[in-house]
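Quick note on my numbering: the sequence shown kicks off at 11 and runs consecutively. Even glycine gets a Cβ: it sits at the ideal position worked out from N, Cα and C.
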Amino acid sequence: MSAQDNIISWRQAAQALTRPVLTQAGRTGDGRFIRKILADAGLPADSGQTVAQLLDEVLEGLRRNYRCEYFYKATIADRIVFGRHSPRTASLHVELPVGRSIVDLAVFNGTSTAYEIKTEFDSHRRLSTQTPDYLKVFERVYLVTHPSISPSYLRVLDEQVGILTLQSNGSLREIRPPSSSGADLDKISLFGMLRSQEYCLALQQQFGAQPEVPNGLRYEHYRRLWEMLSIEEAHRLFVAAMRGRTTTESTAKFVRALPRSCRVLGYATPLSTAQQRRVLNALHDLN
């Protein structure tokens, strides 16, 4: 820990790494307000560095001093999507609604993987309702946590759920692999994850062109078709649809252009092409 770490409010500095901040940068193309957030937190923001460089320093400071949920998300995205895979082939979803729950991160490539984060500041109170929801939709489910508290999760977690620990150097260590049998996958839960245009296209490709159906009856028509699929077919179509949401050339190009600290925000924040350009201008400006 550096002497400077002691005078910086890392909790306050982490506020620069939020969706409202990226949204404002997309509206204005100006990064000076981000510099002010960092200066107010005690971080020198006039050192001739770009905003992107400063935010990467914040992420590194969070690793050393305040391993909040955002640090976990950014690290998982960096290691899995930008390390093991590629944003052109692996689709990342942030805070994805699943049944009655919201999973922190979901990755779709050849299969579906959920990452539920429990930092050292969290409790395991909601896991009893979260994990059954996730197991209905994802072939693999991981809990990602701090090494010191992983033993407590080994005792309370469903044995199908894998455990990863986020090490002090930012690496991920597998404590227990997830079961990948897909035994709990539920066809109707998979169907409920898809948008209307996604399940219509998927099922037309599977069963051929469908008759015109009134809007009020369309959902039920396609749900009945979906129920005719095997669970393996349903999961394959689900993964293909979810991959298609964020592996477009434009999305991959944008998130690759972002600093490491902001990539997960790039996935989490809806931005038009013009807003994406303004975000990059704000982040790479020296003013």
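C-alpha of residue 140 to C-alpha of residue 241: approximately 21 Å in a straight line. A Cβ-Cβ distance of about 13 Å is found for the pair residue 228 and residue 201, leaving them out of contact under the 8 Å criterion. For residue 118, the enclosing beta strand (DSSP E) stretches over residues 111-118. As DSSP reads the structure, residue 154 sits in a beta bridge with 127, 174. Residue 131 sits exposed, since fewer than 16 C-beta atoms from the chains shown fall within 10 Å of its C-beta. The DSSP-derived three-state label of residue 101 is strand. Beyond the five residues adjoining it in sequence on each side, residue 65 comes within less than 7 Å, by CB distance, of 26, 27, 269, 271, 272 in the same chain, given in chain order. In this structure, the beta-carbon distance from residue 29 to residue 279 falls below 9 Å.
Judged by their CB atoms, residue 257 and residue 99 are nearer to each other than the 9 Å cut-off. Across the set 206, 101, 72, 151, the C-alpha of 151 shows the shortest separation from the C-alpha of residue 191. Per DSSP, the continuous beta strand (DSSP E) segment holding residue 182 begins and ends at 182-186. Excluding residues up to 5 positions away in sequence, 113, 116, 144, 148, 151 lie with their Cβ nearer than 6 Å to the Cβ of residue 124 in the same chain.
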